[in-house]
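To keep things clear, I will list the structure first and then write my remarks on it.
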Amino acid sequence: MRTDILPEHLRAIIAEMCKRVGANAKIIDVKKENWFMKYEWTQEEEEDFRVWLGKFLVKNKYIGKGTYRGIDWGYYEAGKFVENYGWKISDW
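Counting from 0, one number per residue, gives the positions in the sequence shown under numbering that gives the first Met the number 0.
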């Protein structure tokens with residue numbers, strides 16, 4: 000299993016995030032502080048991305064298949080990324 004996300008995979012993840020909110024991934028500067036606070040998505044959009052990312056992590060062998068405390072391992076690990084770098088949740 001890999002321990003660091005490869006740059007091309009990170010670009011694919013950011014591109015998918017941007018696609019979901021209509022942002023241009025080519026202008027997002029992830030080196031800037033709080034870059035992820037620029038856009039918003041709904042809780043449903045975030046959930047859908049989390050499922051996508053979980054499958055992406057398993058497919059690219061960042062994590063194995065299985066569960067962690069009864070939760071799909073990919074979904075669990077994707078949640079860590081989303082909680083730290085996901086877009087803001089839009090106001091209800």
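No residue lacks a Cβ here, since even glycine has one placed at the ideal position from N, Cα and C.
All of these numbers come straight from a predicted model, not from anything done at the bench.
Nearest residue (CA-CA) to residue i, options the options
i   : options              : result
Q42 : V57, R19 and G53     : R19
D90 : D71, Y61, W40 and E7 : W40
G78 : C17, G53 and N33     : G53
V81 : N33, D28 and E46     : E46
CB of residue i within 8 Å of CB of residue j, strictly
i   : j   : result
Q50 : Y75 : Sequence check: residue 50 is Val here, not Gln. For V50 and Y75, no; Cβs fall outside 8 Å.
Y61 : I4  : yes
F48 : Y84 : no
Spatial distance of residue i from residue j (CA atoms)
i   : j   : result
A11 : Y67 : 25 Å
A14 : A22 : 9 Å
Neighbourhood of residue i by C-beta distance below 7 Å, restricted to the same chain and skipping five residues each side
i  : result
H8 : N59
Opposing strand residues paired with residue i [DSSP bridges]
i   : result
W34 : Bridge partners of W34: none, in fact.
W40 : I88
Y61 : Partner(s): none; Y61 has no beta bridge.
Y67 : I70
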